[in-house]
Every structure is written in structure tokens, then in C-alpha cells.
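Asker:
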Amino acid sequence: MATNADADAHLDAREVEGAPFDDIVAALDELGGEDTLVLVNSFEPEPLYDVLEERGFAYEAEQIGPDEWKVYITHV
1 MATNADADAH LDAREVEGAP FDDIVAALDE LGGEDTLVLV NSFEPEPLYD VLEERGFAYE
61 AEQIGPDEWK VYITHV
């Protein structure tokens, strides 16, 4: 699994006002071919997984605490 040290970009969805989907998509659009985005969320963002797969991304999710998930996202 990737780590924070491997991350080229970081987005904490808990700090985004409103729905974070547009911010997530913008971060994905800026991600280079070998880059890793770490998405932090207060819950496992399962609805996002289909979108990631459709856009050609792989992901690994890890629960850090009761209200903290990290999803490591890379290009396939």
C-alpha cells in the first residue's frame, strides 16, 4: 500500500465546504501518470470507487480511525 510519503498530491475532503466531488475530480485531472493522490475522508467513499475505475484509476483504502479514511489513488 502507498503511504503519505509516496503521495504527490493530498486532498482532505473533510475540509471542503459542500460536496467534495468537484474538488476530487480537479485533483485527479492534475495527477501525473506516476503520481499518487491521497484522499482523506471521514468515511469510506465507496460511491467514488466506480468513478475512479471508469476514469482509469486504481485505489487502495485504509481506515485510520473511526472517522478517518485514506484512499491512495494512482493511474492504472
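Using full-length UniProt numbering, you'd call the opening residue of the sequence shown number 1 and step up by one each time.
By construction, the Cβ of each residue, glycine as well, lies at the ideal position given by its N, Cα and C atoms.
As the structure is a prediction and not an experimental result, all values here were calculated from the model.
Could you say which of Leu11, His75, Val71 lies nearest to Pro45 if we only look at CA atoms?
Answerer: Here residue 45 refers to the residue found at position 45 when the sequence shown is read from its first residue. Nearest option by C-alpha distance: Val71.
Asker: So for Leu31, helix, strand or coil by DSSP?
Answerer: If you number the sequence shown from 1, residue 31 lands on position 31. Residue state, collapsed to three classes: coil.
Asker: Quick test of your reading: Ala13 and Leu39, contact by CB under 8 Å. State the CB separation rounded to the nearest angstrom.
Answerer: Taking the first residue of the sequence shown as position 1, residue 13 is located at position 13. Taking the first residue of the sequence shown as position 1, residue 39 is located at position 39. So it is a contact: roughly 6 Å between Cβ atoms.
Asker: If you count every other CB in all the chains shown that lies within 10 Å of the CB of Pro47, and 16 or more means buried, which is it?
Answerer: Along the sequence shown, one-based indexing puts residue 47 at 47. So Pro47 ends up on the exposed side.
Asker: Along the beta strand (DSSP E) that carries Glu46, what are the first and last residues, could you check?
Answerer: In the sequence shown, the residue the question calls residue 46 occupies position 46. From DSSP, Glu46 is part of no beta strand (DSSP E) but of the alpha helix (DSSP H) over 46-54.
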